[in-house]
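See below for the structure under consideration.
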Amino acid sequence: MNRTLTIVKTAFQADQMGGISLPQVALAGRSNVGKSSLINCLAGRRQLAKTSATPGKTRSLNFYEVAPLAYCLVDLPGYGYARCSKAERDKWAELIGLYLRGNDLLRGVAVLLDCRLEPQQNDLTLTGYLQHLRLPIMAVLTKADKCSQKERAQRQRQWGDLLGGGEPPLVFSSKTGLGREALWRRLDALAGVNGADAAATAPGEP
Numbered sequence: 231m232n233r234t235l236t237i238v239k240t241a242f243q244a245d246q247m248g249g250i251s252l253p254q255v256a257l258a259g260r261s262n263v264g265k266s267s268l269i270n271c272l273a274g275r276r277q278l279a280k281t282s283a284t285p286g287k288t289r290s291l292n293f294y295e296v297a298p299l300a301y302c303l304v305d306l307p308g309y310g311y312a313r314c315s316k317a318e319r320d321k322w323a324e325l326i327g328l329y330l331r332g333n334d335l336l337r338g339v340a341v342l343l344d345c346r347l348e349p350q351q352n353d354l355t356l357t358g359y360l361q362h363l364r365l366p367i368m369a370v371l372t373k374a375d376k377c378s379q380k381e382r383a384q385r386q387r388q389w390g391d392l393l394g395g396g397e398p399p400l401v402f403s404s405k406t407g408l409g410r411e412a413l414w415r416r417l418d419a420l421a422g423v424n425g426a427d428a429a430a431t432a433p434g435e436p
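Going by the numbering used here, the sequence shown opens with residue 231, and the numbers climb by one from there.
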């Protein structure tokens, strides 16, 4: 089925995060892991999410509504490489923490991980924190076009073991579109919606 993404809210501080009552799936990852490119690939649009050669440009929580399935993807600020002061990094961390903790609308977090790299400490810290909060985690291995099949399988095993089983991490490439439809299906499932049912009942469709 065709899905559309529309940005409906940008939050730079806690009091700007409310006002949306839809189920939500957060997107989290390092500053250079390719979150903006992934969003653009999902949307089929090049400039929906701004990309930059300088990591760390996303400094807000960006809410994208998924139609016709009525849930939101929430792009969190990246971590690891942002060129800014410690005070500003701490501010982002506080904002992300406020969003993640006690959020009844949050159904889970898609954690984006660079397929080319061994598990990094800040990724392990994030996944450990999410496990502590008992939030469902979906691992997505980005930039898979830059890895061999053997390297992809190795990284899937590593992260599968670290995250304790369940569905294996999904390999994805925003450049080639590898894994795009599978990612949409997993996001739909994590949000608790059924894409097949929505496609069958969408207005104007036979």
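Note that the Cβ used here is the ideal one computed from N, Cα and C, for glycine as well.
Own chain, CB closer than 8 Å to residue i, minus 5 neighbours either side, in chain order
{"i": "serine 251", "result": "Leu335"}
{"i": "alanine 283", "result": "Legend: pLDDT at alanine 283 = 49, less than 50; position of this residue unreliable, no value from coordinates given."}
{"i": "leucine 363", "result": "Leu330 and Arg331"}
Option nearest residue i by Cα separation, candidates the options
{"i": "glutamine 350", "options": "Arg382, Trp389 and Asp375", "result": "Trp389"}
{"i": "threonine 355", "options": "Asp245, Pro253 and Gly259", "result": "Gly259"}
{"i": "arginine 346", "options": "Leu303, Gly248 and Gly264", "result": "Gly264"}
{"i": "glutamate 348", "options": "Lys239, Pro298 and Gln384", "result": "Gln384"}
{"i": "asparagine 352", "options": "Ala323, Lys376 and Arg337", "result": "Ala323"}
{"i": "alanine 369", "options": "Arg415, Gln277, Leu393 and Cys271", "result": "Leu393"}
Residue burial classification, residue i (beta-carbon count within 10 angstroms, cutoff 16)
{"i": "serine 378", "result": "exposed"}
{"i": "lysine 280", "result": "exposed"}
{"i": "threonine 406", "result": "exposed"}
{"i": "aspartate 245", "result": "exposed"}
{"i": "threonine 357", "result": "buried"}
{"i": "arginine 415", "result": "exposed"}
Alpha helix (DSSP H) segment containing residue i, residue limits
{"i": "tyrosine 186", "result": "Residue coverage of the chain in this structure runs from 231 to 436, which leaves residue 186 outside it and unanswerable."}
{"i": "aspartate 418", "result": "410-421"}
Endpoints, beta strand (DSSP E) assigned at residue i
{"i": "alanine 241", "result": "234-241"}
Nonlocal neighbours in the same chain, by C-beta distance under 6 Å from residue i, ignoring five residues either side
{"i": "valine 401", "result": "Leu371, Ala374, Arg382 and Gly409"}
{"i": "leucine 360", "result": "Val339 and Ile367"}
{"i": "glutamate 295", "result": "Thr236, Val238 and Cys302"}
{"i": "threonine 234", "result": "Ala297"}
{"i": "leucine 289", "result": "In the sequence as presented, leucine is not what sits at residue 289; that position holds arginine. Within the same chain, arginine 289 has close Cβ partners Pro307."}
CB-CB length for residue i against residue j, believed under 8 Å
{"i": "leucine 306", "j": "leucine 291", "result": "6 Å"}
{"i": "alanine 412", "j": "valine 255", "result": "The Cβ separation is near 15 Å, so there is no contact."}
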